[in-house]
Amino acid sequence: MEGDQQTENLGVFYYFENYFLHFIGFTAVIGLLLLFHLRKKWLPKYRHWRASRHNQYLSMVAGSSFQDDVDSGLTSGTFDLMGNIDGGDSRKGLDEAAKKEIIAIMNKDSLTFDDARTKYFQNKMARNQIGPDGMPLDPRAFTFG
1 MEGDQQTENL GVFYYFENYF LHFIGFTAVI GLLLLFHLRK KWLPKYRHWR
51 ASRHNQYLSM VAGSSFQDDV DSGLTSGTFD LMGNIDGGDS RKGLDEAAKK
101 EIIAIMNKDS LTFDDARTKY FQNKMARNQI GPDGMPLDPR AFTFG
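Residue numbers (the UniProt record's numbering): 1 to 145.
Structure representation (structure tokens):
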């Protein structure tokens, strides 16, 4: 009699554990499907949040050498400062005003370093009346070509 009771209790526990794990698995699959289906709503917000968390630390660092700029994340594959460091460049690093403006663009628009640098130079060219193609916007300008 006692053995039957133990078997019965184990059976109840087995079914409870088995169904509970099925419930957890089913809930996880439904949750993942919902996340996938609604990714156009939450993914841009997540990327913005992640970029702002990363970029807030860049603004705290005010370096005065190329190594400080690399440590701050102001380098990329297309704008590699390691060549300057390896070559023993004696300059003090990137322009402070440009760094501050690029970091501000990165924080405001959640852009990568390359995209923020491109936007910075497009804005700088527009302020100096130079078109996106590099041609002057001044109607009095004379060019050969």
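Beta carbons: idealized from backbone N, C-alpha and C, even for Gly.
All of these numbers come straight from a predicted model, not from anything done at the bench.
What three-state label does DSSP hand residue 44 in the structure shown?
helix
Let me check one thing: in DSSP terms, what residues is residue 136 bridge-paired to?
130
Report the rounded CA-to-CA distance for residue 89 versus residue 43, giving the unit in angstroms.
So the two alpha carbons sit approximately 41 Å from each other.
Closest by C-alpha distance to residue 52, when choosing among 24, 103, 33:
Out of 24, 103, 33, 103 has the C-alpha closest to the C-alpha of residue 52.
Quick one: residues in its chain with C-beta nearer than 7 Å to the C-beta of residue 105, no 5 flanking neighbours on either side, listed in chain order?
111, 116, 119, 120
Measure from the alpha carbon of residue 97 to the alpha carbon of each residue in 73, 36, 77, 124, then state which is nearest.
124
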